Amino acid sequence: MQARSNDTASASGIDPARLPRHVAIVMDGNGRWARARHLPRTVGHQRGRRSVRATIRAAMRLDVPLLTLFAFSSENWKRPTAEIDALMNLFINALEKELDELDDNGVRLTFIGDRSRLDARVCELMAKAEQRTADNRRLQLQIAVSYGGQWDILQAARQLAERHAESPLTLSDPDSLRHEFERGLSTAGQPPVDLFIRTGGERRLSNFLLWQTAYAELYFTDVLWPLFDEGEFEAAVRWFAGRNRRFGRVATQGDDS
Ligand code: IPE
Ligand code: IPE
Ligand code: MG
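At position 64 of the sequence shown the residue is numbered 213 (the working numbering), and the sequence of numbers has no breaks.
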């Protein structure tokens, strides 16, 4: 991974004001990439690591401040044990190997997901990485592990109920209720997802950031995750920069879409 270059968003021709503040990616297609080459699925997952590195590089180059990667879903626990073990080992390995470089590059690492289902060793590594990189500001790299959008909403609802066990909530003001609720989400304090990317050809959310993608622009590509690279990420960001986001309003004068 290279250090920050002078090739900023404006140098790449993208108006900095039109950059996404939060990009979330469903990294899908590792198994199909491997199968097409008569290789075990695990090799596809290993190969996907390259694409993760390329994507981080591109996010830094384009000045995207927050990148959330879906590494393992709450539904992925239904996969064969051998594949789960391989994915967890790969995750541990990648974290151990990449941490120094990420830290040197000013990357702040955070993790979201249900940690109660993860191995103590994995949790320990994640906590260590979070602590060590807590003050980094170049890019926030957020990895979703054992994550499900519905799990996130439910645990936020539980927290809300617990916080208000003795002081009933005023439900009449939707804005303050939303604010109170969002405090419990694993993404509390973060901007909502602006750009949602899914590789691998499927057009579904697969229980990723459900609440947070309420107004995301959705970008689906047939490219399998192991073949996703810096150019593909930049293409998605360029596409996003050209969107006319109305958020329910009418288009402003001069907008053509
Ligand atoms: C995505 O690739 C990686 C994870 C879900 C962990 P897949 O393993 O889902 O690959 P396909 O969809 O079978 O090709
Ligand atoms: C979504 O991919 C989860 C991750 C990429 C981590 P899946 O391959 O698990 O999704 P489905 O099963 O096709 O919906
Ligand atoms: Mg898949």
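For every residue, glycine included, the Cβ atom is placed at its ideal position computed from N, Cα and C. On a predicted model such as this, the values are computed, not experimentally measured, just so you know.
- Residues M176, N179, W374 and P375 of the same chain have their beta carbon placed closer than 7 Å to that of G197, with the five preceding and five following residues left out of the count.
- As DSSP reads the structure, F345 sits in a beta bridge with A173 and L367.
- Put simply, the backbone Cα of L248 is about 7 Å away from that of A278.
- Between ligand 3 and D177, a heavy atom-to-CB distance of less than 6 Å is present.
- Not one heavy atom of ligand 2 lies closer than 6 Å to the C-beta of F330.
- Residues H171, Q361, T362, A363, Y364 and A365 of the same chain have their beta carbon placed closer than 8 Å to that of P341, with the five preceding and five following residues left out of the count.
- Judged by DSSP secondary structure, T230 falls within the alpha helix (DSSP H) whose first and last residues are T230 to D253.
- Distance from the CA atom of V399 to the CA atom of F389, rounded to whole angstroms, is 19 Å.
- Proximity to F396 across D343, N242 and F377 peaks at D343, based on C-alpha coordinates.
- Sequence-distant partners of A385 (beyond 5 residues in either direction) whose C-beta falls short of 6 Å from its own C-beta, in its chain, are I346 and Y368.
- For T191, the enclosing alpha helix (DSSP H) has its first and last residue at R190 to L211.
- Judged by their CB atoms, G255 and R287 are nearer to each other than the 7 Å cut-off.
- G298 counts as buried, since no fewer than 16 other beta carbons sit within 10 angstroms of its beta carbon.
- When the beta-carbon positions are compared, A208 and L216 come within less than 7 Å of each other.
- Checking the 6 Å criterion, the Cβ of G180 is within range of a heavy atom belonging to ligand 1.
- Taking a contact as a CB-CB distance under 8 Å, the pair S316 and F221 does not count as one, their CB atoms being some 37 Å apart.
- C-alpha of E331 to C-alpha of E311: approximately 14 Å in a straight line.
- Here L218 really is in contact with I174; their C-beta atoms are around 5 Å apart, less than 8 Å.
- In this model, R186 and G349 are separated by some 16 Å (Cα to Cα).
- The C-alpha of R228 is placed about 17 Å away from the C-alpha of Q195.
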